[in-house]
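A short worksheet on the structure shown next.
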Amino acid sequence: MTWLELADGVYARRYEELDLTVGLVVGSDHCLVVDVRGDVEQGAELAAAVREITPLPWSVVYTHAHFDHAFGTTPFLPCDVWAHEGCLTELTTYGEGARRKWVQHYLGENRPEMAEALERTVITLPDKPVSGTAEIDLGGRTVVLRFLGRAHTDHDLFVHVPDAGVIYAGDAVENAEAGFSAFSFNEDSSLVEWTGVMGAILELEPKIIVAGHGAPVDTAFIEKHREGLRELTALKTAIAAGDLTTDEAVARSSYPDDVTRAALATA
């Protein structure tokens with residue numbers, strides 16, 4: 121749990137819990153915290169860690185609505201909270217249900233301290249919704265928030281720091297080195313659109329892409345897994361055409377069985 125400086129004033133911080141990676145971008149007047157961890161206690165730890173780097177006023181951005189990225193905001197308040205407009209909808213509609221689900225999850229893992237922290241957590245809704253692109257002036261540095269299409273969710277928001285060549289990708293990019301796959305598919309994911317999102321990342325020509333879980337990656341990682349998404353799409357097409365069974369497609373995939381089955385079940 122130490123800061124990794126990716127460029128001047130641009131940081132990533134990686135945690136053992138869920139191998140989550142969050143970010144911090146510092147300008148001359150303001151700073152931006154990229155994701156806030158999963159409960160009020162975790163958010164407080166992150167807020168204190170930010171203060172080790174800078175005393176500047178902060179804003180927060182959620183890359184997406186999942187609890188581990190968006191539930192730890194309370195210790196940062198009052199501040200602007202940016203997110204895609206779909207994130208606002210997701211948190212409004214399903215946030216409390218997700219919080220209760222993860223309380224039960226941690227109780228089931230015999231981790232009552234995690235469950236208790238989530239019990240005390242109040243979800244903060246974003247008050248700066250973004251539909252396509254928005255810019256945040258931090259003083260001498262502009263951060264661009266970009267919706268590039270449906271990928272891990274239907275509201276993934278990328279945080280682009282053009283002068284540093286860094287993109288925070290949330291869970292649209294995950295690094296498998298610590299046991300995570302390159303992708304985490306769910307009912308909101310789009311296999312076909314995700315391929316285009318990976319291409320859009322490459323078009324921005326970043327030097328570093330900060331994965332939502334695991335260590336930061338480079339464009340070679342993105343290129344590799346863009347091809348992987350194309351492979352999974354082709355397998356899904358073959359199933360739809362009757363040329364392969366699902367089991368045959370899973371056997372041919374270069375990804376783990378559970379990842380492949382989840383991918384084949386997406387839109």
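In the working numbering, the protein residues as written are 121 to 387.
Glycine is no exception: its CB is placed at the ideal position from the N, C-alpha and C atoms.
Original post:
Buried or exposed: T365, going by 16 or more other Cβ atoms within 10 Å of its Cβ?
Top reply: Exposed, by the Cβ-count rule.
**OP:** Report the partner residues of H204 according to the DSSP bridge assignment.
**Re:** Answer is V250, bridged to H204.
**OP:** Could I get the ranges of all uninterrupted alpha helix (DSSP H) runs contained in the stretch 209–255, with 4 residues as the minimum, in chain order?
**Re:** With a minimum length of 4 residues, the continuous alpha helix (DSSP H) runs that stay inside the stretch 209–255 are 232–239.
Original post:
The alpha helix (DSSP H) spanning R133 covers which residue range?
Top reply: According to the DSSP assignment, R133 belongs to no alpha helix (DSSP H) but to the beta strand (DSSP E) extending over 130–134.
Subject >> Whether L311 touches T380 by CB criterion (7 Å) >> reply: It is not a contact, given that the beta carbons lie outside the stated cut-off.
Subject >> CA nearest to the CA of A284, picked from I359, L352, G129, R231 >> reply: Checked all of I359, L352, G129, R231; the closest Cα to A284 is G129.
**OP:** Compute the distance between the beta-carbons of D247 and V286, then report whether it is under 7 Å.
**Re:** For D247 and V286, no; Cβs fall outside 7 Å.
**OP:** Check whether the Cβ atoms of G290 and T183 sit closer than 7 Å, and answer yes or no.
**Re:** T183 sits close to G290, with the two beta carbons spaced by under 7 Å.
**OP:** Please determine, among E172, D149, H150, the residue with the shortest C-alpha to C-alpha distance to R133.
**Re:** Looking at the Cα atoms, E172 is the closest of the given residues.
**OP:** Quick one: give me the first and last residue of the beta strand (DSSP E) that E125 is part of.
**Re:** Where E125 is concerned, the enclosing beta strand (DSSP E) stretches over 123–127.
Subject >> Candidates W222, Y135, T174, G362, of which the one nearest R157 by Cα >> reply: Residue Y135 is the option with its Cα nearest to R157.
**OP:** Hey, could you find the ends of the alpha helix (DSSP H) T353 is sitting in?
**Re:** Its alpha helix (DSSP H) spans residues 339–360.
Subject >> Residues that DSSP places opposite R266 in a beta bridge >> reply: According to DSSP, R266 bridges with T253, F278.
Subject >> Top-ranked residue by Cα proximity to L245, from I321, G192, S374, R231 >> reply: The option with the nearest alpha carbon to L245 is G192.
Original post:
If you draw a straight line from the C-alpha of P198 to the C-alpha of N295, how long is it?
Top reply: Near 33 Å, if we compare the C-alpha coordinates of N295 and P198.
Subject >> Beta carbon of R266 nearer than 7 Å to that of F278 >> reply: The answer is yes: Cβ separation under 7 Å.
Subject >> Where the alpha helix (DSSP H) through T380 begins and ends >> reply: Counting along the chain, the alpha helix (DSSP H) containing T380 begins and ends at 377–384.
**OP:** Please decide whether G163 counts as near chain B, where near means a Cβ-Cβ distance under 7 Å.
**Re:** The structure shown has no chain B; it contains just one protein chain.
**OP:** Answer yes or no: do D274 and D308 have a C-beta to C-beta separation smaller than 7 Å?
**Re:** Their beta carbons are under 7 Å apart, which means D274 touches D308 by this criterion.
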